[in-house]
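Residue numbers (this note's numbering), protein chains in the order written: chain A, 1 to 571; chain B, 572 to 818.
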């Protein structure tokens with residue numbers, strides 16, 4: 001029998017960006033919030049020894065311990081799903097701040113096209129442009145409706161940037177100017193301008209200058225130390241929940257964080273959530289935390305897993321296409337890249353920042369005519385200088401030996417003489433891509449793992465090669481002596497790192513029959529349960545997801561306050 | 572263009588660093604661990620790498636038998652050989668690095684999901700075996716010797732460099748008749764562990780004297796590149812994590 005604690009106003013499951021934003025906004029209004037975080041406490045001082053590629057990038061020091069919990073995966077329903085025993089394709093966050101601690105800080109807004117993708121695609125190309133198997137739908141919100149929340153998140157972070165000439169309309173400029181331009185970035189800028197494309201500096205949560213945000217939190221400028229992705233920031237310069245929203249919530253005296261607290265079930269009665277049961281992983285004790293409002297803020301996988309394990313919402317059935325929990329799992333088409341080798345130029349690519357880069361959106365969204373291509377949407381194309389650390393960055397031109405004398409000589413020669421131009425392709429939903437509970441494999445508590453059924457489709461294969469060719473064209477204009485680019489995408493492979501932009505499963509929409517949450521992230525089936533994260537994305541755009549997750553979290557906080565005042569569905 | 576940068580943070584005063592980098596907001600220094608990272612004054616005695624012949628207490632075995640160690644040393648040297656650019660895996664201490672890694676979490680797959688049932692899967696589903704990395708190394712190194720004996724009637728370390736490469740190519744191309752482990756999977760593990768040993772911080776036992784980094788002009792662990800990010804290629808004297816301990 002679980003020990004029952006006194007009831008609080010709100011319990012938040014997972015204390016990363018979404019959980020931290022919800023906590024700060026609600027505690028400011030006087031609500032008592034408890035944040036349950038399965039991992040450990042984290043703080044800036046932890047990163048004294050952070051410039052350690054082996055420990056953080058190769059041994060995944062900040063990531064979820066897979067021995068206790070992982071996911072299972074299969075390419076389609078005909079084969080047996082097997083557990084992801086080691087890290088590869090994506091890295092799952094853990095601990096206070098979640099993956100918000102070890103992100104790169106690339107903070108984009110999705111395009112207006114994204115939120116009305118089905119309507120706009122049909123309007124321009126006709127219904128036949130959307131393949132029958134593609135589960136494309138509008139998000140039940142428009143860019144203009146979401147804009148104020150993007151603005152709010154950008155101001156909390158202090159995003160450094162300049163206006164995207166092909167993006168949605170902005171109510172205000174970025175709070176800080178763009179990052180410094182390296183010589184490689186200037187080459188990309190010049191080349192893309194020559195090609196009549198529209199380059200702009202990547203919106204960055206690594207601060208270009210010191211900044212005090214509207215909550216009064218002051219942070220210092222980025223030092224371009226090149227250890228962002230997979231690492232925590234030893235300066236607090238990279239916006240993360242631990243140095244922005246969490247201290248604001250704590251300062252109110254209304255926010256209690258409990259680390260090492262792994263939520264196992266959402267409790268509910270008569271169609272209302274009544275609280276959660278969690279295990280204190282330091283003692284093994286099961287504890288019940290009653291609350292008036294429950295908010296799931298575990299990005300994607302555990303949002304869905306907790307709903308399914310707690311029998312909330314209708315599970316998605318790929319056979320009939322009915323049900324919503326687990327529906328529209330999508331990812332990112334990240335392999336459409338090109339590498340350019342320069343024989344006579346060396347670059348300071350050992351230096352960099354997670355969101356230092358330049359971007360073009362000419363091939364993203366519906367910014368170009370898709371009449372003659374066999375795919376929809378697209379992806380951003382960028383040159384990012386995140387810092388080339390030596391264990392993981394040893395590319396050699398195609399045809400070079402992979403080890404031995406030739407490999408050593410060639411990899412050393414090009415160590416500071418290559419640049420990548422990379423695309424971040426969008427990922428469309430398909431009826432047979434979804435998440436459910438694995439029938440065989442369990443976590444350390446004996447609860448089922450979440451199971452991914454996903455593979456790349458023709459849409460993805462065409463898109464990847466299209467984007468890789470665009471990347472190669474840019475490198476050619478930049479003067480690379482030798483260029484290697486993707487020729488064929490191949491099947492989705494969980495063993496090679498691609499992106500941690502997993503999305504969908506509890507998607508947002510205007511219709512309870514085809515979506516799980518309304519546009520305030522409130523469950524259609526349970527008024528006092530809000531599910532916040534990239535789980536709400538009906539598809540994934542050709543950008544990093546965090547900007548949109550942050551905007552959704554601010555929108556959800558507003559929805560929770562509305563619900564608290566009036567009850568019922570807030571839309 | 573290459574220039575020696577003489578003004579990196581290790582050489583500049585705390586006050587100048589704070590001023591140059593804008594590390595103050597409203598007169599207050601901000602930024603978590605700066606206080607402990609920036610030296611108050613330069614100390615010439617810090618940050619110097621130990622002379623190459625100093626006794627290195629790290630070079631002893633935690634896991635390998637001496638025989639396994641010798642094979643590992645010979646294999647990694649073929650993967651990353653000594654040449655005109657500088658030392659190979661052997662001199663860099665890569666076999667010690669692998670030995671030390673096998674003795675800890677990595678060797679035990681402590682943070683990997685190792686629960687049954689075990690089924691053979693599709694390649695895209697990744698490793699599905701029940702063996703831990705240390706078991707795979709025990710088997711793999713033995714099979715390297717077995718394959719050498721079958722092919723050349725000599726143990727691996729007795730072979731010429733070209734003969735050793737032939738044996739490793741057979742593993743890489745799954746041309747060895749071994750059923751308990753995947754020969755190519757083992758070879759890829761050897762290759763990636765070699766690169767880790769060449770380029771990880773010297774605190775782990777490889778990359779001796781930071782020579783792995785020096786060969787590619789990698790500066791190791793520096794506090795800041797704000798001064799060089801806009802410049803053409805700038806060579807910076809490398810430093811390891813140990814340099815932070817002096818502050």
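The beta-carbon is built from N, C-alpha and C at its ideal position, and this holds for glycine as well. Just so it is clear, the structure is predicted and the values come from calculations on it, not from any experiment.
- Inter-residue distance for residue 373 of chain A and residue 140 of chain A is about 27 Å (C-alpha atoms, whole angstroms).
- In the DSSP annotation of this structure, the continuous segment of the alpha helix (DSSP H) that includes residue 671 of chain B starts and ends at 665–674.
- By the C-beta criterion, the region 806–814 of chain B is judged not to be in contact with the region 355–372 of chain A, since fewer than 3 inter-stretch pairs fall below 8 Å.
- The criterion of a C-beta distance shorter than 9 Å is not satisfied by residue 343 of chain A and residue 473 of chain A.
- Near chain B, meaning a CB-to-CB distance below 7 Å, the residues of the region 378–397 of chain A are 390, 391 and 394.
- Around the beta carbon of residue 60 of chain A, a 10 Å sphere encloses 16 or more other beta carbons of the protein chains shown; the residue is thus reported as buried.
- Residue 400 of chain A carries a coil assignment under DSSP once its states are collapsed to helix, strand and coil.
- The Cβ neighbour count for residue 144 of chain A, taken over all protein chains shown within 10 Å, is under 16; the residue is labelled exposed.
- Neighbours of residue 358 of chain A in chain B, taken as residues whose beta carbon is under 9 Å from its own, are absent, since the nearest beta carbon is some 14 Å off.
- Assigned with DSSP and collapsed to three states, residue 448 of chain A falls in strand.
- Of all residues in the region 64–75 of chain A, only 65, 66, 67, 70, 73 and 75 place a beta-carbon less than 7 Å from a beta-carbon of chain B.
- Taking each of A/303, A/546, A/309 and A/563 in turn and checking the Cα distance to residue 109 of chain A, the smallest one comes out for A/546.
- As DSSP reads the structure, residue 36 of chain A sits in a beta bridge with A/13 and A/258.
- The three-state secondary structure of residue 728 of chain B, taken from DSSP, is helix.
- Residue 688 of chain B has a beta carbon lying within less than 9 Å of a beta carbon in chain A.
- A straight-line Cα-Cα distance of about 15 Å links residue 442 of chain A and residue 263 of chain A.
- For residue 791 of chain B, the secondary structure class from DSSP, reduced to helix, strand or coil, is strand.
- Ranked by Cα distance from residue 115 of chain A, the first of A/531, A/201, A/248 and A/168 is A/168.
- Apart from sequence neighbours up to five positions away, the residues of its chain that approach residue 272 of chain A with a beta-carbon distance below 8 Å are 526, 527 and 528, ordered along the chain.
- Residue environment analysis places residue 725 of chain B among the exposed positions, since fewer than 16 neighbouring C-beta atoms fall within 10 angstroms of its C-beta.
- Ranked by Cα distance from residue 200 of chain A, the first of A/277, A/345 and A/180 is A/180.
- Every beta strand (DSSP E) of 3 residues or more that sits fully in the region 352–416 of chain A is shown, in chain order, as 357–360 and 379–384.
- For a Cβ distance threshold of 8 Å, residue set 695 of chain B lies close to residue 491 of chain A, ordered along the chain.
- Annotation for residue 478 of chain A: no beta strand (DSSP E) segment contains it, and DSSP assigns it neither H nor E.
- Judged by DSSP secondary structure, residue 273 of chain A falls within the beta strand (DSSP E) whose first and last residues are 272–280.
- By the criterion of a C-beta distance shorter than 7 Å, residue 719 of chain B is surrounded in its chain by 725, 726, 727, 730 and 738, once the five residues flanking it on both sides are discounted.
- Here residue 394 of chain A is buried. Its C-beta has 16 or more other C-beta atoms within 10 Å.
- The C-beta separation of residue 347 of chain A from residue 183 of chain A comes to about 6 Å, placing the pair in contact by the 8 Å criterion.
- Under the three-state reduction of DSSP output, residue 680 of chain B falls in the coil class, being neither helix nor strand.
- For the region 81–101 of chain A, the beta-carbon criterion of a distance under 7 Å to any beta-carbon of chain B is satisfied by 82, 83, 84, 85, 86 and 88.
- Residue environment for residue 398 of chain A: exposed (fewer than 16 other C-beta atoms within 10 angstroms of its C-beta).
- Ranked by Cα distance from residue 500 of chain A, the first of A/229, A/189, A/175 and A/287 is A/229.
- Taking a contact as a CB-CB distance under 8 Å, the pair residue 568 of chain A and residue 21 of chain A does not count as one, their CB atoms being some 24 Å apart.
- As a beta-bridge residue in DSSP terms, residue 434 of chain A pairs with A/453.
- Counting along the chain, residue 815 of chain B sits inside no beta strand (DSSP E); it lies in the alpha helix (DSSP H) bounded by residues 813–816.
- Sequence-distant partners of residue 244 of chain A (beyond 5 residues in either direction) whose C-beta falls short of 6 Å from its own C-beta, in its chain, are 156 and 217.
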